[in-house]
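Here is the structure we will look at, set down as structure tokens.
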Amino acid sequence: TGSGLIVSFGEMLIDFVPTVSGVSLAEAPGFVKAPGGAPANVAIAVSRLGGKAAFVGKLGDDEFGRMLAGILKENGVDGRGITFDQGARTALAFVTLRSDGDREFMFYRNPSADMLLKPEELDLELIRSAKVFHYGSISLIVEPCRSAHLKAMKEARDAGALLSYDPNLRLPLWPSPEVAREQIMSIWDEADLVKVSDVELEFLTGSDKIDDASAMSLWRPNFKLLLVTLGEKGCKYYTKNFHGQVEAFHVNTVDTTGAGDSFVGALLCKMVDDQSILEDEPRLRRVLKFANACGAITTIKKGAIPALPNEAEVLSLLNG
Ligand code: ADP
Numbered sequence: 022t023g024s025g026l027i028v029s030f031g032e033m034l035i036d037f038v039p040t041v042s043g044v045s046l047a048e049a050p051g052f053v054k055a056p057g058g059a060p061a062n063v064a065i066a067v068s069r070l071g072g073k074a075a076f077v078g079k080l081g082d083d084e085f086g087r088m089l090a091g092i093l094k095e096n097g098v099d100g101r102g103i104t105f106d107q108g109a110r111t112a113l114a115f116v117t118l119r120s121d122g123d124r125e126f127m128f129y130r131n132p133s134a135d136m137l138l139k140p141e142e143l144d145l146e147l148i149r150s151a152k153v154f155h156y157g158s159i160s161l162i163v164e165p166c167r168s169a170h171l172k173a174m175k176e177a178r179d180a181g182a183l184l185s186y187d188p189n190l191r192l193p194l195w196p197s198p199e200v201a202r203e204q205i206m207s208i209w210d211e212a213d214l215v216k217v218s219d220v221e222l223e224f225l226t227g228s229d230k231i232d233d234a235s236a237m238s239l240w241r242p243n244f245k246l247l248l249v250t251l252g253e254k255g256c257k258y259y260t261k262n263f264h265g266q267v268e269a270f271h272v273n274t275v276d277t278t279g280a281g282d283s284f285v286g287a288l289l290c291k292m293v294d295d296q297s298i299l300e301d302e303p304r305l306r307r308v309l310k311f312a313n314a315c316g317a318i319t320t321i322k323k324g325a326i327p328a329l330p331n332e333a334e335v336l337s338l339l340n341g
């Protein structure tokens, strides 16, 4: 695990998850409060693996915002970049667990505090000290957080950070699928490293084919690495010089929430100090095997944050 700072930018929220599947939250006998938000999950994934992580984003100045800031702190994530909005409340997601295991979301975004981060509220010193700047959520889509997002990206890049992007599309896409796609594609060129899931690949290409040609249609000249995660089939990787697939681990999956964030956190930890991994296929494959192991372990337990592994757990799956 590297020692360079990984700054993760975007939303953090609380999922209200029913204790049973097949019914809506309102009909469920009970629910649990599960902290999440992809960029926050990535920051905690990095920290749990022994890496150096900071989170930049906005929370409501309410009980939920304080709870989330506390969770980042408990997990060793630098919270200097958190701003609290005095008016709007922390983002919330109300989840329905469908009988087929998929999730449906209804969001409290009225607007929520995360969407109201302004460019002038950014901790630029923290952002400029990033070796990797990771992002991807609703913050790219709506103002004023889109402007804050673009400014943070520029500051990080100008200071020499590698930019890592995961679009993290959670349905329903807000404010509409067309707007979401347009805003995402408008900055598609700017990342060094991009990770999409198979579902996002379909959405972004507008085709239901998941093959090398459709993945390569998303490739841009300045990319260093494009990844497509395939759940229990592992991941595909594409670079300028080589591409291939790394198989997943077989585990007893109970809940896949956070698997992609765990995968990304692991990858960033392993390359933050040494980007030459991206040009060396055997070493990259070893790192992706490690990231697949992290993703797999995250599916063994319920929830995202409680299921993120430490390095010893990953090594035990890799060596076992
Ligand atoms: P996302 O959460 O972005 O949709 P995936 O669900 O594809 O991403 O998960 C990311 C990685 O986690 C996968 O590439 C895989 O290595 C691992 N993973 C996810 N689901 C499983 C599973 N059911 N069994 C084993 N590994 C899994």
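Each residue of the sequence shown is one higher than the last, beginning at 22 in this note's numbering. Virtual Cβ for every residue (Gly too), placed ideally from N, Cα, C. Being a predicted model, the structure only gives us computed values, none of them experimental.
If I measure Cβ to Cβ from V249 and keep anything under 7 Å in the same chain, skipping five residues before and after, which residues do I get?
The count along the sequence shown starts at 1 and reaches residue 249 at position 228. Excluding residues within five positions, the ones whose Cβ falls inside 7 Å are V217, D219, L222, A236, C256 and K257.
Please find out if some non-hydrogen atom of the ligand ADP comes closer than 8 Å to the beta-carbon of E125.
Numbered from its first residue, the sequence shown carries residue 125 at position 104. For the ligand ADP, not one heavy atom lies less than 8 Å from the Cβ of E125.
Determine which residues share a DSSP beta bridge with L225 and list them.
Sequence index remark: in the sequence shown, residue 225 carries index 204 (1-based). Per DSSP, L225 has no beta-bridge partner at all.
Residue of G227, N62 and D36 minimising C-alpha distance to I326
Counted from its first residue, the sequence shown places residue 326 at position 305. Sorting G227, N62 and D36 by C-alpha distance to the C-alpha of I326 places N62 at the top.
Please confirm whether A287 and V308 have their CB atoms less than 9 Å apart.
As a working note, residue 287 is residue 266 in the sequence shown. As a working note, residue 308 is residue 287 in the sequence shown. Taking 9 Å as the Cβ cut-off, A287 and V308 qualify as a contacting pair.
Which of the three DSSP states is assigned to S133 in this structure?
Counting from 1 along the sequence shown, the entry for residue 133 is found at position 112. The DSSP-derived three-state label of S133 is coil.
Element boundaries [alpha helix (DSSP H), containing T40]
The residue labelled residue 40 in the question sits at position 19 within the sequence shown. T40 -> no alpha helix (DSSP H), and no H or E assigned at all.
When you compare the CB positions of S24 and D213, do they come within less than 9 Å of one another, or not?
Taking the first residue of the sequence shown as 1, we reach residue 24 at position 3. Taking the first residue of the sequence shown as 1, we reach residue 213 at position 192. Not closer than 9 Å, so no.
For T40, count neighbouring C-beta atoms within 10 Å of its own C-beta (all shown protein chains included) and say buried if the count is 16 or more, exposed if not.
For the purposes of this step, residue 40 is identified with residue 19 of the sequence shown, where counting begins at 1. Exposed, since its Cβ has fewer than 16 Cβ neighbours within 10 Å.
Among L239, S283 and G71, which one has its Cα closest to the Cα of K322?
To locate residue 322, count along the sequence shown from 1; it is residue 301. Comparing alpha carbon positions, the residue from L239, S283 and G71 closest to K322 is S283.
Coarse secondary structure for A328, derived from DSSP in three states:
Your numbering for residue 328 matches position 307 in the sequence shown. The three-state reading of DSSP puts A328 in helix, counting H, G and I together.
Could you tell me how far apart the beta carbons of A112 and R130 are, in whole angstroms, since I believe they sit closer than 8 Å?
For the purposes of this step, residue 112 is taken as residue 91 along the sequence shown, with counting starting at 1. For the purposes of this step, residue 130 is taken as residue 109 along the sequence shown, with counting starting at 1. About 6 Å separates the Cβ atoms of A112 and R130, confirming a contact at the 8 Å cut-off.
In chain order, what are the residue ranges of uninterrupted beta strand (DSSP E) at least 3 long that sit wholly in the stretch 246-291?
Qualifying beta strand (DSSP E) stretches, in chain order: 246-250, 256-259 and 264-267.
Rounded to the nearest angstrom, what separates A328 and S337 at their Cα positions?
Along the sequence shown, one-based indexing puts residue 328 at 307. Along the sequence shown, one-based indexing puts residue 337 at 316. If you draw a straight line from the Cα of A328 to the Cα of S337, it comes to about 15 Å.
Thinking H155 and L289 are a contact (beta carbons under 8 Å), I'd like their distance in whole angstroms, please.
Locating residue 155 in the sequence shown gives position 134, counting from the first residue. Locating residue 289 in the sequence shown gives position 268, counting from the first residue. Confirmed, about 6 Å.
Let me confirm a value: K291 is counted as buried when at least 16 other C-beta atoms fall within 10 Å, else exposed. Which label applies?
In the sequence shown, the residue the question calls residue 291 occupies position 270. So K291 ends up on the buried side.
Nearest-angstrom beta carbon gap, T104 and S45 [assumed within contact, 8 Å]:
Within the sequence shown, numbered from 1, the residue matching residue 45 stands at position 24. Within the sequence shown, numbered from 1, the residue matching residue 104 stands at position 83. For S45 against T104, the beta-carbon gap comes to about 33 Å, at or over 8 Å, which does not count as contact.
Let me make sure I understand the geometry here. Which of L225, E199 and F244 has the alpha-carbon closest to that of Y259?
Within the sequence shown, the letter at position 238 stands for residue 259. Answer by Cα proximity: F244.
So, using beta-carbon positions, are L225 and I205 closer together than 9 Å?
Walking along the sequence shown from the start, residue 225 turns up at place 204. Walking along the sequence shown from the start, residue 205 turns up at place 184. Contact flag set, yes.
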